[in-house]
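Residue numbers (my numbering): 8 to 368.
One structure below.
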Amino acid sequence: MRALGIESSCDETAAAVVEWPEGAMRPLLRANVVHGQLDVHVRYGGVVPELASRAHIRNIAPVVTEALHRAGMEPSAIDCVAVTAGPGLIGGLLTGMAVAKGMAMALEVPLIGVHHMEGHLMSPFLDPNPNQSDFPFVALLVSGGHTLLVHAQAFGQYRILGQTRDDAVGEAFDKGARLLGLGYPGGPAIAALAEGGNREAIRFPRGLTGRDQMDFSFSGVKTALRTFLGQHSDRRHDRSWQQDVAASYQEAIVEVLVTRSLAACRLTGEKRLMVAGGVGANRRLRELLSERAQSSGVQVYFPPLALCTDNGAMIALAGMHRLRLGHRDGWDLNVHARWPLEQINRIEKKEGAWGIHPPGF
Ligand code: KG4
Ligand code: ZN
């Protein structure tokens, strides 16, 4: 089976072809094309939805064409089209959905709407060199748009253990970087500045307290940084002081991610933890999590970055699984800017789903 996956829920226009040969143990990633929009948003210090929509409409057709070209396939070789149906920015979702419907209709193949987060949970299964390749596990999903701890019990069975009550963790890095006068995206900029700093120089707040706490809150640490910088404006140009501030700010955020993730493993009894999303690239997070996980007997797995940031391959694979389990969407499939992950817990063959031929067509 060969699936085309289309992802356009935030600021990446992405398409991929995933093939699962009959009888094979694992799927093959035949092409994975991701077109970012950093150039569009960089001067605004964050994703501007209107500009994102316009960039998706410009880029989607070339990206899909390129994915098929790299896979060495004609469109007619595709057996199903999977598309992110939410959650995300509505303009981007509508663009991906319209293209996916057009392709599925023209090729007369099934169309499957995929939850973006279920896509992220697929990244371990796309890794050609996995050290973690089966359910169940705990997933820490951390990016510019999401901060989520999920208990992935089986395909389609997900329990949200914790989520942010305000900013996403990537936003905390991006906003912090802006306060520090650094560029966008802020995560890599803070991480680079933090390299030479003392992470214990300033004790920034860790947000919500409690041993079993699994929710996140990052607005406090951001406000604390703003206040601190206001009180020490005379030191703004002191490089080593800036490094200490960046390292301390990063440490506050990373420590929260680590303690919550390990609490999630302890409370669920899971010994496997997967980290996906752009913030998963953070070196200090990888270091501290690996260190603490080892002493808790938890195995941590970081998929290759290209698989754990937004991409079409994860959507293709999730769609393929859903199709095999009997899921198939009709031409009335819609997009959802908000769509709680737990609402897709149960996979049922939809009564009345009319597949490729709508009633009275
Ligand atoms: O998953 P991603 O590439 O895109 C979406 O948000 O969909 O994540 C981007 C986020 C940005 O907020 C960026 O600042 C953050 O990930 N990020 C990092 C690092 N690299 C990217 N945060 C901390 N440390 C990093 N090394
Ligand atoms: Zn994402």
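C-beta: ideal position from N, C-alpha, C; glycine also.
**Prompt:** Any heavy atom of the ligand KG4 closer than 8 Å to the Cβ of Val286?
**Reply:** In the sequence shown, the residue the question calls residue 286 occupies position 279. Yes, Cβ of Val286 sits closer than 8 Å to a heavy atom of the ligand KG4.
**Prompt:** What is the rounded straight-line gap between the Cα of Asn318 and the Cα of Pro310?
**Reply:** Walking along the sequence shown from the start, residue 318 turns up at place 311. Walking along the sequence shown from the start, residue 310 turns up at place 303. Cα atoms of Asn318 and Pro310: separation of roughly 13 Å, rounded to the nearest angstrom.
**Request:** Using only the heavy atoms of the ligand ZN, determine whether one of them is closer than 8 Å to the beta carbon of Asp174.
**Result:** For this step, residue 174 is matched to residue 167 along the sequence shown. Every heavy atom of the ligand ZN is 8 Å or more from the Cβ of Asp174, so no.
**Stretch-stretch touch, CB-based, cutoff 8 Å, three pairs: the stretch 89-103 with the stretch 321-333** = They touch, by the three-pair rule.
**Message:** Just to confirm my understanding: we take Arg372, look at its own chain, exclude 5 residues before and 5 after, and list those with CB closer than 7 Å. What are they?
**Reply:** With the chain running from 8 to 368 in the structure shown, residue 372 is simply not present.
**Message:** Does Asn39 come out as helix, strand or coil in the three-state DSSP assignment?
**Reply:** Here residue 39 is taken as the residue at index 32 of the sequence shown, counted from 1. Assigned with DSSP and collapsed to three states, Asn39 falls in strand.
**Asked** Are Ala320 and Met129 touching if we call contact CB-CB under 9 Å?
**Response** For the purposes of this step, residue 320 is taken as the residue at position 313 of the sequence shown. For the purposes of this step, residue 129 is taken as the residue at position 122 of the sequence shown. Closer than 9 Å, so yes.
**Prompt:** Would you call the CB atoms of Gly99 and Thr20 closer than 9 Å?
**Reply:** Along the sequence shown, one-based indexing puts residue 99 at 92. Along the sequence shown, one-based indexing puts residue 20 at 13. With contacts defined by Cβ atoms closer than 9 Å, Gly99 and Thr20 form a contacting pair.
**Prompt:** Would you say the beta carbon of Ile197 comes nearer than 8 Å to a heavy atom of the ligand KG4?
**Reply:** Reading the sequence shown from its first residue, position 190 is the one you call residue 197. Correct: Ile197 has its Cβ closer than 8 Å to the ligand KG4.
**Prompt:** Hey, quick one: how far does the alpha helix (DSSP H) through Tyr51 stretch, first residue to last?
**Reply:** Within the sequence shown, numbered from 1, the residue matching residue 51 stands at position 44. Tyr51: not part of any alpha helix (DSSP H); DSSP gives it neither H nor E.
**Message:** If contacts are defined as beta-carbon pairs under 8 Å, then Ala38 and Ala74 qualify, I think. What distance do you get, rounded to the angstrom?
**Reply:** Position 31 of the sequence shown, counted from the first residue, corresponds to residue 38. Position 67 of the sequence shown, counted from the first residue, corresponds to residue 74. Cβ atoms of Ala38 and Ala74 come within 8 Å of each other, at about 5 Å.
**Assumed close pair Ala300, Leu264 - CB separation to whole angstroms, cut-off 8 Å** = Stepping through the sequence shown from its first residue, residue 300 is reached at position 293. Stepping through the sequence shown from its first residue, residue 264 is reached at position 257. Ala300 to Leu264, Cβ: 12 Å. No contact.
**Request:** Determine the contact status of Gly151 and Cys17, defining contact as a CB-CB distance below 9 Å.
**Result:** Looking up residue 151 in the sequence shown gives position 144. Looking up residue 17 in the sequence shown gives position 10. Their beta carbons are under 9 Å apart, which means Gly151 touches Cys17 by this criterion.
**Asked** If you scan the stretch 241-282 from start to end, which runs of the beta strand (DSSP E) of 3 or more residues do you find wholly inside it?
**Response** Taking only runs of at least 3 residues, no beta strand (DSSP E) segment lies wholly in the stretch 241-282.
**Asked** If you draw a straight line from the alpha carbon of Ala23 to that of Val176, how long is it in whole angstroms?
**Response** Taking the sequence shown and counting its residues from 1, the one referred to as residue 23 is at position 16. Taking the sequence shown and counting its residues from 1, the one referred to as residue 176 is at position 169. Straight-line Cα distance between these residues: approximately 27 Å.
**Asked** Just how far apart, CA to CA, sit Phe142 and Gly237?
**Response** Walking along the sequence shown from the start, residue 142 turns up at place 135. Walking along the sequence shown from the start, residue 237 turns up at place 230. Cα to Cα, the separation comes out at about 47 Å.
**Asked** Secondary structure at Arg166, three-state DSSP: helix, strand or coil?
**Response** On the sequence shown, residue 166 is found 159 positions in, with the first residue counted as 1. Reduced to three states, the DSSP call for Arg166 is strand.
**Message:** Tell me the DSSP secondary structure of Glu81 in three-state form.
**Reply:** The count along the sequence shown starts at 1 and reaches residue 81 at position 74. Here Glu81 sits in coil by DSSP.
**Asked** Would you say Phe211 touches the ligand KG4, meaning its beta carbon is less than 8 Å from a heavy atom?
**Response** Position 204 of the sequence shown, counting from 1, holds the residue named residue 211. Relative to the ligand KG4, even the nearest heavy atom lies 8 Å or more away from the CB of Phe211.
**Message:** Applying the 10 Å Cβ sphere with the 16-neighbour rule, what's the burial state of His244?
**Reply:** Start at 1 with the first residue of the sequence shown, and residue 244 comes out as number 237. Classification of His244: exposed, given that the 10 Å Cβ count is below 16.
**Neighbour-count burial assignment, Glu115, 16 or more Cβ in a 10 Å radius** = Counting from one through the sequence shown, the residue named residue 115 turns up at place 108. Exposed.
**Message:** I'd like the span of the beta strand (DSSP E) that includes Val307, first residue to last.
**Reply:** On the sequence shown, residue 307 is found 300 positions in, with the first residue counted as 1. Val307 -> beta strand (DSSP E) spans Gln306 to Tyr308.
**Request:** Tell me, to the nearest whole angstrom, how far the beta carbon of Ala283 is from that of Ala146; I am working on the premise that it is less than 8 Å.
**Result:** Here the question's residue 283 lines up with position 276 in the sequence shown. Here the question's residue 146 lines up with position 139 in the sequence shown. Indeed they touch by this definition, with Cβ atoms about 6 Å apart.
**Request:** Over the uninterrupted beta strand (DSSP E) stretch that includes Leu148, give me the two end residues.
**Result:** To locate residue 148, count along the sequence shown from 1; it is residue 141. If you look at Leu148, you'll find it in the beta strand (DSSP E) that goes Phe144 to Val149.
**Message:** What would DSSP say about His158, mapped onto helix, strand or coil?
**Reply:** Indexing the sequence shown from 1 puts residue 158 at position 151. In this structure, His158 counts as strand in the three-state DSSP scheme.
**Asked** What is the rounded straight-line gap between the Cα of Lys357 and the Cα of Glu14?
**Response** Numbered from 1 along the sequence shown, position 350 holds the residue referred to as residue 357. Numbered from 1 along the sequence shown, position 7 holds the residue referred to as residue 14. Confidence in Lys357 is poor, its pLDDT being 47 and thus under 50, which makes the residue's placement too unreliable to answer from.
**Item:** Counted within 10 angstroms of its Cβ, other Cβ atoms place Asp339 as buried (16 or more) or exposed
**Value:** For this step, residue 339 is matched to residue 332 along the sequence shown. Label assigned to Asp339: exposed.
**Request:** Could you tell me the boundaries of the beta strand (DSSP E) in which Ile13 lies?
**Result:** Translated into positions along the sequence shown, residue 13 becomes position 6. Ile13 -> beta strand (DSSP E) spans Arg9 to Glu14.
**Request:** Can you tell me which of His63, Leu36 and Pro34 puts its alpha carbon nearest to the alpha carbon of Phe48?
**Result:** For the purposes of this step, residue 48 is identified with residue 41 of the sequence shown, where counting begins at 1. Checking the sequence, you will find His at residue 48 rather than Phe. Residue His63 holds the alpha-carbon nearest to the alpha-carbon of His48 among His63, Leu36 and Pro34.
**Asked** What is the C-beta distance between Phe180 and Val261, in whole angstroms, given that I count them as a contact (C-beta under 8 Å)?
**Response** Taking the sequence shown and counting its residues from 1, one reaches residue 180 at position 173. Taking the sequence shown and counting its residues from 1, one reaches residue 261 at position 254. Val261 and Phe180 do not touch by the CB rule: their CB atoms are close to 10 Å apart, not below 8 Å.
**Request:** Please list, in chain order, all residues of the same chain as Leu232 whose beta carbon is under 6 Å from its beta carbon, the five residues on each side excluded.
**Result:** Looking up residue 232 in the sequence shown gives position 225. Excluding sequence neighbours, Leu232 sits near Gly183, Leu186 and Tyr256.
**Item:** Whole-Å CB distance - Gln306 paired with Arg279, under 8 Å assumed
**Value:** Counting from one through the sequence shown, the residue named residue 306 turns up at place 299. Counting from one through the sequence shown, the residue named residue 279 turns up at place 272. Confirmed, Cβ separation roughly 5 Å.
**Request:** To the nearest angstrom, report how far apart Pro192 and Asn136 are at their CA atoms.
**Result:** Within the sequence shown, the letter at position 185 stands for residue 192. Within the sequence shown, the letter at position 129 stands for residue 136. Rounded to whole angstroms, the separation of the alpha carbons of Asn136 and Pro192 is 29 Å.
**Request:** Round the Cβ separation of Ile209 and Val149 to the nearest angstrom and send it over; I've been treating them as touching at under 8 Å.
**Result:** As a working note, residue 209 is residue 202 in the sequence shown. As a working note, residue 149 is residue 142 in the sequence shown. About 23 Å; that fails the 8 Å criterion.
**Message:** Do Ala259 and Ile97 count as a contact pair if the criterion is CB distance below 9 Å?
**Reply:** The count along the sequence shown starts at 1 and reaches residue 97 at position 90. The count along the sequence shown starts at 1 and reaches residue 259 at position 252. Taking 9 Å as the Cβ cut-off, Ile97 and Ala259 do not qualify as a contacting pair.
**Request:** Go ahead and label Asn341 buried or exposed: buried means 16 or more other beta carbons lie within 10 angstroms of its beta carbon, across all protein chains shown.
**Result:** Along the sequence shown, one-based indexing puts residue 341 at 334. With fewer than 16 other Cβ atoms within 10 Å, it is exposed.
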